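Worksheet for the structure shown next.
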Amino acid sequence: MGRTLEIREQIRRGEVSVVGRVQQFIERIKKEDKKINSFIELNPQAIAEAERVEKKLRSGERVGRLAGLIVGVKSNINVKGLRATCASRTLEDYVAPYDAEVIKRIRQEDAVIIGMQNMDEFACGSSGETSAFGPTQNPAAPGRIPGGSSSGSAAAIAAGFCDLSLGTDTGGSIRNPSSHCGVVGIKPTYGLVPRQGLIDLGMSLDQIGPIAPDVEGAALLLEIIAGRTQNECVMLPVDRVEYLSRLNRGIKGMRIGTSSKFAELTDPKIMAVIDKALDKLRDLGAEIVEVELPNLEKAMPTYYLIVSVEFFSATRKYDGRKYGKRIEEVCGEEVLRRILRGAHISRREYRGKFYQRALQVRTLIREELMRALQHVDVLVGPTVPKLPHRLGDKLTPMEMYGYDYLTVPANLAGICGGVIKAGEVNGIPVGLQIQGKPLGELDVLRVMKAMEETA
Ligand code: GLN
Numbered sequence: 093m094g095r096t097l098e099i100r101e102q103i104r105r106g107e108v109s110v111v112g113r114v115q116q117f118i119e120r121i122k123k124e125d126k127k128i129n130s131f132i133e134l135n136p137q138a139i140a141e142a143e144r145v146e147k148k149l150r151s152g153e154r155v156g157r158l159a160g161l162i163v164g165v166k167s168n169i170n171v172k173g174l175r176a177t178c179a180s181r182t183l184e185d186y187v188a189p190y191d192a193e194v195i196k197r198i199r200q201e202d203a204v205i206i207g208m209q210n211m212d213e214f215a216c217g218s219s220g221e222t223s224a225f226g227p228t229q230n231p232a233a234p235g236r237i238p239g240g241s242s243s244g245s246a247a248a249i250a251a252g253f254c255d256l257s258l259g260t261d262t263g264g265s266i267r268n269p270s271s272h273c274g275v276v277g278i279k280p281t282y283g284l285v286p287r288q289g290l291i292d293l294g295m296s297l298d299q300i301g302p303i304a305p306d307v308e309g310a311a312l313l314l315e316i317i318a319g320r321t322q323n324e325c326v327m328l329p330v331d332r333v334e335y336l337s338r339l340n341r342g343i344k345g346m347r348i349g350t351s352s353k354f355a356e357l358t359d360p361k362i363m364a365v366i367d368k369a370l371d372k373l374r375d376l377g378a379e380i381v382e383v384e385l386p387n388l389e390k391a392m393p394t395y396y397l398i399v400s401v402e403f404f405s406a407t408r409k410y411d412g413r414k415y416g417k418r419i420e421e422v423c424g425e426e427v428l429r430r431i432l433r434g435a436h437i438s439r440r441e442y443r444g445k446f447y448q449r450a451l452q453v454r455t456l457i458r459e460e461l462m463r464a465l466q467h468v469d470v471l472v473g474p475t476v477p478k479l480p481h482r483l484g485d486k487l488t489p490m491e492m493y494g495y496d497y498l499t500v501p502a503n504l505a506g507i508c509g510g511v512i513k514a515g516e517v518n519g520i521p522v523g524l525q526i527q528g529k530p531l532g533e534l535d536v537l538r539v540m541k542a543m544e545e546t547a
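Residue 93 is where the sequence shown starts when you use the numbering used here, and the numbers rise one by one after that.
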C-alpha cells in the first residue's frame with residue numbers, strides 16, 4: 093500500500109487526528125511556503141471541515157472515500173467562499189459563489205480543502221512564473237521553475253503541503269509540472285471529468301485532473317471526480333470508473349509503443365532516463381513496439397493557434413462590467429499576447445488561413461495518434477523535452493512554448509496521459525509520460541504503477 097492509502101487507513105482507524113493533521117499542514121505552509129509560494133490563499137474553514145469529518149469518524153458514521161485527506165485546489169476552479177483568481181489581477185477579488193462539480197464530489201467523499209494554489213495566469217504558461225502573485229519554486233530542484241501551469245498544485249505535493257491536488261491540463265499543465273517536480277499527475281480523457289465550475293482556457297482542450305505523491309493517490313482522486321453529469325453536454329457516456337482495485341495487474345504481455353520521433357525533439361540527457369525506463373518496462377514483460385508519429389512537431393503550433401482563439405473568446409466576459417477589471421488593462425504579458433493573437437486570428441478575413449487550417453492539422457494529429465494506439469495499449473516517452481530553467485532566466489515566447497511539444501498532442505487528440513518520475517538528470521526529476529486510448533486510464537495507471545514499483 094502506498095503513502096496516500098496508508099494515511100487514509102490511519103485516519104479511518106483513528107490513529108491520526110484529521111484536525112491535528114490540518115493544523116500541522118497549515119503551520120508548515122505558513123512557515124515554509126514563503127519560499128515555495130505554492131498557495132495563494134488558505135481555506136479559513138479547513139479546521140471546521142476537519143472537525144466535521146473527525147466527528148463523523150468518531151461516531152462510527154459511514155465516511156467517504158477521501159475521509160480526512162487534505163486537498164489543494166488550483167485557483168481556476170470554483171470553491172465556494174474562496175477566491176478563484178486564476179492568479180490574475182483580473183479576478184483578484186472574485187470570490188467563488190458556488191462549488192465546481194469536482195469540488196462537490198470531493199466534499200461528498202469527506203475531503204478537507206486546504207486552500208487555493210498558485211498557477212500561471214489564466215493557466216497560460218509552462219513555468220509557473222506568470223502568476224500575478226509571484227513565481228513558484230520547485231521544491232524538488234531548488235532555484236528552478238516547477239513547471240506550469242499547475243505550478244502550485246505540483247509544488248505543494250512535492251513539498252508535502254497537502255495529500256492531493258486538483259490541477260488542470262489544457263496543453264500539459266498537469267503533466268509538465270508533475271514531471272519537473274517528480275510527482276504523479278494524470279490528464280484524463282477529454283469528457284471524462286466535468287468542467288463545470290472551471291474557468292476556461294481552451295474549452296475544447298481543458299480537463300481537470302489529479303496530482304498526487306503516488307499512483308494510488310492519483311487513481312483514487314480520479315475515481316471520484318470522473319463520470320458524467322446531467323448538466324454538461326460534451327461528456328462521455330461514463331457514469332463511474334474503477335481503477336484502484338485493478339492497478340496491480342502488472343504489465344506482462346502489454347504492448348507499449350514508443351517513437352524515435354521523441355528523441356528528435358528531446359534533450360539527450362532526458363532521453364537517457366526515458367530509455368532506461370523503457371528497459372525496465374521490457375524487463376517486466378511488456379513488449380516495446382516502435383510507432384510512427386510523423387507529424388508530432390506540428391502539434392505545438394497548431395495548439396497555440398487553437399488555444400489563442402478559444403482563450404480570446406473566453407476572456408470577452410472580463411470587460412470590466414461584471415468582474416470589475418478589464419482584462420487587457422491588468423493582465424500580464426503572456427495573457428495579453430494570447431488575447432491579441434486570438435483576436436487577430438479570429439478576424440473574418442483570416443479565418444480560412446489560420447484557424448481552419450489549425451483544425452485540419454488537429455484532425456491529422458488525432459488520426460495519427462489513434463492509428464498508433466490501434467496497435468499498442470499505451471504510448472510511452474518523455475513528458476517535457478527540456479529540463480526546467482532557473483527561476484529568473486529570461487526565455488522568449490517560442491522558447492517557453494518549446495516546453496509543450498510532447499504534451500499538447502494528447503489534448504489535441506482528447507486522449508489521456510499520465511506522468512510518473514522515471515529518474516533524474518543532475519538531481520532534477522524527469523517524468524515518464526504514458527499516453528493512453530480514449531478512456532484508457534486504467535492501462536496508463538497500470539504502467540505508472542509498474543514504473544513506480546521499480547523505483
Ligand atoms: N503550456 C501550455 C500553455 O501555455 C499549456 C497550459 C495548460 O495546459 N493550461 O498554453
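Glycine is no exception: its CB is placed at the ideal position from the N, C-alpha and C atoms. Model, not experiment: these values are computed from the prediction.
- Scanning G264, C273, T262 and G263 for the CA closest to the CA of G244 turns up C273.
- In the DSSP annotation of this structure, G424 is not part of any alpha helix (DSSP H), being labelled neither H nor E.
- C-alpha of N170 to C-alpha of I198: approximately 13 Å in a straight line.
- Residue environment for N503: buried (at least 16 other C-beta atoms within 10 angstroms of its C-beta).
- E426 has its alpha-carbon roughly 7 Å from the corresponding atom of C216.
- For C508, no alpha helix (DSSP H) segment is defined; the enclosing uninterrupted segment is the beta strand (DSSP E) at C508 to V517.
- Taking the Cα positions, S180 is about 7 Å away from S223.
- Secondary structure remark: continuous alpha helix (DSSP H) runs of at least 4 residues inside the segment 231 to 293, in chain order: 243 to 251 and 267 to 273.
- For D202, the secondary structure class from DSSP, reduced to helix, strand or coil, is coil.
- For S257 against V163, the beta-carbon gap comes to about 7 Å, under 8 Å, which counts as contact.
- Here the distance from the Cβ of C178 to the nearest heavy atom of ligand 1 is not below 7 Å.
- No heavy atom of ligand 1 is found nearer than 7 Å to the CB of C423.
- Distance from N168 to Q229 at the Cβ level is roughly 20 Å; contact not present, criterion being Cβ atoms closer than 8 Å.
- By the neighbour-count criterion, in which 16 or more other beta carbons inside 10 Å mark a residue as buried, P329 falls on the exposed side.
- Non-local C-beta neighbours of A304 in its own chain, meaning closer than 6 Å and more than five positions away in sequence, comprise L256, V276 and A310, ordered along the chain.
- For G164, the enclosing beta strand (DSSP E) begins and ends at I162 to K166.
- Contact between K368 and G515 holds: their C-beta atoms lie close to 6 Å from each other, under 8 Å.
- Around the CB of D331, fewer than 16 other CB atoms lie within 10 Å, so the residue is classed as exposed.
- Within a 10 Å sphere around the beta-carbon of A547 sit fewer than 16 other beta-carbons, which makes this residue exposed.
- Remark: three or more beta-carbon pairs, one from each stretch, lie closer than 8 Å, so the segment 497 to 513 and the segment 467 to 480 are flagged as touching.
- Within its own chain, the residues whose Cβ lies closer than 8 Å to the Cβ of G424, once the five positions on either side in sequence are excluded, are S180, E213, T222 and A224, listed in chain order.
- Nearest in C-alpha terms to G412, of all of E308, E421 and D202, is E421.
- Around Y335, the same chain offers A311, L314, E315, E533, L534 and L537 as residues with beta carbons nearer than 7 Å, after the five sequence neighbours per side are excluded.
- Sequence-distant Cβ neighbours of K344 in its own chain, meaning closer than 8 Å and more than five residues away, are L376, G377 and A378.
- Not one heavy atom of ligand 1 sits closer than 7 Å to the Cβ of C325.
- Counting along the chain, the unbroken alpha helix (DSSP H) around A406 starts and ends at A391 to A406.
- Counting every other CB atom within 10 Å of its CB across the protein chains shown gives E107 a total below 16, marking it as exposed.
- The Cβ neighbour count for E193, taken over all protein chains shown within 10 Å, is at least 16; the residue is labelled buried.
- With respect to the 8 Å criterion, V165 and I205 are classified as neighbours on the basis of their beta carbons.
- Remark: C-beta atoms of K541 and L339 approach each other more closely than 8 Å.
- Here the distance from the Cβ of G252 to the nearest heavy atom of ligand 1 is not below 7 Å.
- The way I'd put it, the segment 105 to 119 does touch the segment 143 to 162; three or more beta-carbon pairs between them come closer than 8 Å.
- Partner residues in the beta bridge of Q525, as assigned by DSSP, are G473 and V511.
- Short of 7 Å from the beta carbon of A248, and not among the five residues preceding or following it, lie these beta carbons of its own chain, in chain order: S130, F131, G164, Q209, C254 and S257.
- D292 counts as buried, since at least 16 other C-beta atoms from the protein chains shown sit within 10 angstroms of its C-beta.
- Under the three-state reduction of DSSP output, D212 falls in the coil class, being neither helix nor strand.
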